[in-house]
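Data first, discussion second: the structure below is written as structure tokens.
Residue numbers (the UniProt record's numbering): 1 to 326.
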């Protein structure tokens with residue numbers, strides 16, 4: 001009992017390490033051993049605390065704490081080499097954890113930077129998009145305002161033109177009415193003064209002359225309209241002729257360029273086109289009457305030189321036609 005009391009007193013007096021990673025493990029107070037029992041008791045207590053805190057962390061080549069014999073406490077003791085090995089393992093794993101944390105921090109910082117760039121780019125594009133939308137709206141409003149101003153100006157010009165035409169027509173009508181009144185007065189005075197048949201004849205001649213001149217002016221106006229239309233038609237034909245000529249020149253230039261760049265393909269294409277034309281002409285040969293058939297049979301009985309020359313001319317003409325079409 002006394003021995004147990006002394007042991008308990010020594011256990012109370014011994015420094016108890018609560019944290020297995022405390023630096024007091026490597027101090028002089030920890031290394032000082034009063035007795036073997038105290039060292040055994042302290043090491044056992046520290047190992048139990050360590051295994052309770054970190055049950056999965058163990059040294060390589062050493063069995064777990066449950067495999068030791070409860071009676072033989074010497075197997076619980078740690079040698080100096082095992083302590084150094086344990087410290088090396090702890091430091092190595094601490095360095096690995098620090099390196100992993102540093103790598104994780106770097107990767108997180110890099111990813112955060114990339115995300116920030118993407119977000120800033122997205123926000124910038126959204127801002128630019130909003131600015132472009134506002135600019136587009138302002139431009140559309142400005143264009144609409146310009147169009148409305150132009151339309152109002154056009155309406156004002158049309159109204160002014162209509163008013164001028166109306167005033168001109170009113171003045172012309174007043175002038176015609178005044179002329180009619182003047183002619184009526186002159187005619188009445190003329191008939192009143194002369195009372196002769198010549199006055200009537202003169203009036204009839206004047207009316208006929210007026211009608212003749214009116215018809216002549218009307219025919220002249222129609223003739224001018226026809227001449228203007230014919231001139232416009234002639235100019236249109238000239239424009240179409242020039243346009244067709246330009247198209248022909250462009251097509252020939254394109255054909256020349258193709259002949260220069262791809263002569264073999266163009267020659268092959270020309271031969272294929274000529275062959276197609278000959279086959280189509282042979283397949284679409286019309287049925288001739290009886291006397292034409294006789295004439296054709298007589299033509300076949302002619303010497304071969306004429307037939308060869310005619311066939312060569314036909315092939316040459318077909319080739320030229322296909323080349324012109326190309």
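In this text, a Cβ means the ideal position worked out from N, Cα and C, and glycines have one as well.
Who are the Cβ neighbours of residue i in its own chain at under 7 Å, not counting the five residues just before and after it?
i	result
residue 92	none
residue 211	none
residue 172	none
Which residues in the same chain have their Cβ closer than 8 Å to the Cβ of residue i, if we skip the five residues on either side of it in sequence?
i	result
residue 105	none
residue 110	none
residue 361	Missing from the structure shown is residue 361; the chain here goes from 1 to 326 and no further.
Apart from the five residues on each side of it in sequence, which residues of its chain come closer than 6 Å, Cβ to Cβ, to residue i?
i	result
residue 22	Because residue 22 carries a pLDDT of 47, less than 50, the predicted location of this residue cannot be relied on, and no value is offered for it.
residue 323	Residue confidence for residue 323 is low, a pLDDT of 43 falling below 50, so the modelled location carries little weight; the figure read from the coordinates is stated next. Contacts found: none.
residue 203	none
residue 207	none
- Message: As an exercise, report each continuous beta strand (DSSP E) stretch of at least 3 residues that is fully enclosed by the stretch 201-253, in chain order.
- Response: Whole beta strand (DSSP E) segments, 3+ residues: zero.
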